[in-house]
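Worksheet: one structure, shown below.
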Amino acid sequence: MAKLELVHGLPDGRRLGYCEYGDPGGHPVVALHGTPGSRYKFAIADREAQRLGLRLISPDRWGYGLSDAPRGRPRLADYACDIESLLGALSIERFGVVGVSGGGPYAAALATVLAERVSKLALVAPVAPLDLVSQRHGVSWFHWFAFRALPRVPGGVSFVFSYFRGVLAVAPGLAMRTKAVRAGRPDRELLAEPEISGDLVKAFKAGLARGVMGPAIDMACFSRDWGLDLSGVRSRSRMWLGAMDRNVPLPAARKLTGDIPDLDVIEVEDAGHFWITRHYRDVLVWLAGGPGRRTN
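According to our numbering, the sequence shown is numbered sequentially starting from 591.
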């Protein structure tokens, strides 16, 4: 049974909010939402995780939902320290990681900083280092602008996400239709499904309930040097990309194969950014099966 409103106290007094889904006694998997998003992102995977014997731990990231933002200019590696504190409180030593979209960089940070503890790393339509984004390559103009220019405009990220937050509050259907306009055909079809659209609205609203600090921190972290030695990843790693994804630059994501050792890449034809909303099982089955450590 899902546990939806959990809070962990971090050593510096900040709160880290999270949910648990799936099998409480199963293999732990830290499940990281996109930008924006929240702890509710993986609610749709609750039953499948339970059947597969996985315990999904889904935190609100910095500034989202129930989680407080750190002071200063946090880096991706700092997030691994917060998750390490949470896992210590839960008496968890070994765990898998899945990061979707904007959760991808944070998942990579966990697999790097806590390399000896991560069993498997799953990346789904991940944001890649933005210094690899040199051309538009099929990304929508909005997302191209968001990745390349918006982080350099003072207050730009906060303005854009504040506008989205406002529309989401008064006209959630319009907010989702706006996202669909920028998407490719597979994503437009998925976003037209009331169940999927409703789940996304719930996750977005929860994540932005206290403001837009979360996405502002995300975009700042993505646009700076990640400061991660991805060659230090020791777990089995797999990445899923939708061939028709217009949200993240696919060439940049593909270049992660040169940084993460033995990264297995699956490109799904006729699929977009939100492919996972109908295919959580594919990712969870991989996370649940077989040994995690590389033998070489």
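The beta carbon of each residue, even a glycine, is placed where N, CA and C say it ideally should be. These figures come from a predicted structure and were not determined experimentally.
- prompt: So what does residue 623 bridge to, in DSSP terms?
  reply: Sequence index remark: in the sequence shown, residue 623 carries index 33 (1-based). When beta bridges are read from the DSSP output, residue 623 appears opposite no residue.
query: Would you call the CB atoms of residue 867 and residue 786 closer than 8 Å?
result: Against the sequence shown, residue 867 aligns to sequence position 277. Against the sequence shown, residue 786 aligns to sequence position 196. At the C-beta level, residue 867 and residue 786 come within 8 Å of one another.
field: Among 879, 870, 876, 878, the one whose alpha carbon lies nearest that of residue 633
entry: Sequence index remark: in the sequence shown, residue 633 carries index 43 (1-based). Residue 870 is the option with its Cα nearest to residue 633.
Local Cβ density within 10 Å of residue 879, reported as buried at 16 or more and exposed below that: As a working mapping, residue 879 is identified with position 289 in the sequence shown. Per the 10 Å Cβ criterion, exposed.
- request: Give the straight-line distance between the Cα atoms of residue 636 and residue 646, rounded to the nearest whole angstrom.
  value: As a first step, residue 636 must be located in the sequence shown, where it is residue number 46. As a first step, residue 646 must be located in the sequence shown, where it is residue number 56. Each residue's Cα considered, the two are about 8 Å apart.
task: Spatial neighbours of residue 719 within its chain, please: CB distance less than 6 Å, with the 5 preceding and 5 following residues excluded, ordered by chain position.
output: Taking the sequence shown and counting its residues from 1, the one referred to as residue 719 is at position 129. These residues qualify, in order along the chain: 816.
- prompt: What is the DSSP secondary structure of residue 816, counted as helix, strand or coil?
  reply: The count along the sequence shown starts at 1 and reaches residue 816 at position 226. Looking at residue 816 - three-state DSSP - the assignment turns out to be coil, as it is neither helix nor strand.
task: From the DSSP output, read off the bridge partner residues of residue 612.
output: Within the sequence shown, the letter at position 22 stands for residue 612. Residue pairing from DSSP places residue 612 in a beta bridge opposite 645.
field: Entirely enclosed beta strand (DSSP E) segments - the stretch 802-882, minimum 3 residues
entry: With a minimum length of 3 residues, the continuous beta strand (DSSP E) runs that stay inside the stretch 802-882 are 826-832, 854-858.
task: Pull up the distance between the alpha-carbon of residue 855 and that of residue 617, whole angstroms please.
output: As a first step, residue 855 must be located in the sequence shown, where it is residue number 265. As a first step, residue 617 must be located in the sequence shown, where it is residue number 27. Cα atoms of residue 855 and residue 617: separation of roughly 23 Å, rounded to the nearest angstrom.
message: Just to confirm before moving on: does the CB-CB distance between residue 755 and residue 798 stay below 8 Å?
response: Position 165 of the sequence shown, counting from 1, holds the residue named residue 755. Position 208 of the sequence shown, counting from 1, holds the residue named residue 798. In terms of Cβ geometry, residue 755 and residue 798 form a close pair [threshold 8 Å].
query: If residue 714 and residue 690 are in contact, beta carbons under 8 Å, what's the gap, nearest whole angstrom?
result: The count along the sequence shown starts at 1 and reaches residue 714 at position 124. The count along the sequence shown starts at 1 and reaches residue 690 at position 100. Contact flag correct, Cβ pair sits at about 5 Å.
field: Alpha carbon of residue 852 to alpha carbon of residue 701, nearest angstrom
entry: The residue given as residue 852 occupies position 262 in the sequence shown. The residue given as residue 701 occupies position 111 in the sequence shown. Taking the straight line joining both Cα atoms gives about 14 Å.
- request: Tell me whether residue 618 sits in a helix, a strand or coil according to DSSP, three-state version.
  value: As a working mapping, residue 618 is identified with position 28 in the sequence shown. The DSSP-derived three-state label of residue 618 is strand.
- prompt: So the beta strand (DSSP E) residue 594 belongs to, where does it begin and stop?
  reply: By 1-based counting over the sequence shown, the position of residue 594 is 4. Note, residue 594: beta strand (DSSP E), 593-599.
field: Of the listed residues 771, 703, 763, nearest to residue 819 (C-alpha basis)
entry: Along the sequence shown, one-based indexing puts residue 819 at 229. Here the closest residue by C-alpha is 703.
task: Using the Cα positions of residue 839 and residue 605, report the straight-line distance between them to the nearest angstrom.
output: Mapped onto the sequence shown, residue 839 falls at position 249. Mapped onto the sequence shown, residue 605 falls at position 15. Cα-Cα distance, rounded: 33 Å.
message: Please classify residue 825 as buried or exposed, where buried requires at least 16 neighbouring CB atoms within 10 angstroms.
response: Position 235 of the sequence shown, counting from 1, holds the residue named residue 825. Burial state of residue 825 is buried, judged by a 10 Å Cβ sphere holding 16 or more other Cβ atoms.
- request: Output the boundary residues of the beta strand (DSSP E) element that contains residue 710.
  value: Here residue 710 is taken as the residue at index 120 of the sequence shown, counted from 1. From DSSP, the beta strand (DSSP E) with residue 710 extends over 708-714.
query: When you compare only the Cα positions, how much space is there between residue 777 and residue 835?
result: The residue given as residue 777 occupies position 187 in the sequence shown. The residue given as residue 835 occupies position 245 in the sequence shown. One alpha carbon belongs to residue 777, the other to residue 835, and they sit about 8 Å apart.
- request: Give the single residue among 626, 662, 655, 680 whose Cα lies nearest to the Cα of residue 614.
  value: Stepping through the sequence shown from its first residue, residue 614 is reached at position 24. Distances from the alpha-carbon of residue 614 to those of 626, 662, 655, 680 put 680 closest.
Proximity to residue 652 [Cα-Cα], best of 791, 639, 628, 644: In the sequence shown, counting from the first residue as 1, residue 652 sits at position 62. Of 791, 639, 628, 644, the smallest CA-CA separation from residue 652 is found for 628.
- prompt: Is it the case that the Cβ atoms of residue 697 and residue 600 are separated by a distance below 8 Å?
  reply: Residue numbering aside, residue 697 sits at position 107 when the sequence shown is read from its first letter. Residue numbering aside, residue 600 sits at position 10 when the sequence shown is read from its first letter. Cβ atoms of residue 697 and residue 600: not closer than 8 Å.
field: CA-to-CA distance, residue 741 to residue 765, given in whole angstroms
entry: For this step, residue 765 is matched to residue 175 along the sequence shown. For this step, residue 741 is matched to residue 151 along the sequence shown. If I take the Cα positions, the gap works out to 22 Å.
message: Going by DSSP in three states, residue 886 sits in which element: helix, strand or coil?
response: Taking the sequence shown and counting its residues from 1, one reaches residue 886 at position 296. In this prediction, residue 886 scores a pLDDT of 43, lower than 50, which makes its location untrustworthy; no coordinate-derived value is stated.
- prompt: Going by the CB atoms, is the gap between residue 688 and residue 873 shorter than 8 Å?
  reply: Here residue 873 corresponds to residue number 283 of the sequence shown, with the count starting at 1. Here residue 688 corresponds to residue number 98 of the sequence shown, with the count starting at 1. In terms of Cβ geometry, residue 873 and residue 688 form a close pair [threshold 8 Å].
- prompt: Can you give the beta carbon distance from residue 846 to residue 712, rounded, assuming they're within the 8 Å contact cut?
  reply: Walking along the sequence shown from the start, residue 846 turns up at place 256. Walking along the sequence shown from the start, residue 712 turns up at place 122. Under the criterion of beta carbons closer than 8 Å, residue 846 and residue 712 do not qualify as touching, at roughly 13 Å.
- prompt: Would you report the Cα separation of residue 857 and residue 831, rounded to the nearest angstrom?
  reply: Walking along the sequence shown from the start, residue 857 turns up at place 267. Walking along the sequence shown from the start, residue 831 turns up at place 241. Rounded to the nearest angstrom, the two C-alpha atoms are 5 Å apart.
Own chain, CB closer than 6 Å to residue 796, minus 5 neighbours either side, in chain order: Walking along the sequence shown from the start, residue 796 turns up at place 206. Only 628, 630, 655 meet the Cβ criterion.
message: So, with DSSP's three-state summary, where would you put residue 607?
response: Residue numbering aside, residue 607 sits at position 17 when the sequence shown is read from its first letter. Per DSSP, reduced to three states, the secondary structure at residue 607 is strand.
- prompt: alpha helix (DSSP H) containing residue 687: first to last residue?
  reply: Here the question's residue 687 lines up with position 97 in the sequence shown. Careful: residue 687 lies outside any alpha helix (DSSP H), inside the beta strand (DSSP E) at 685-690.
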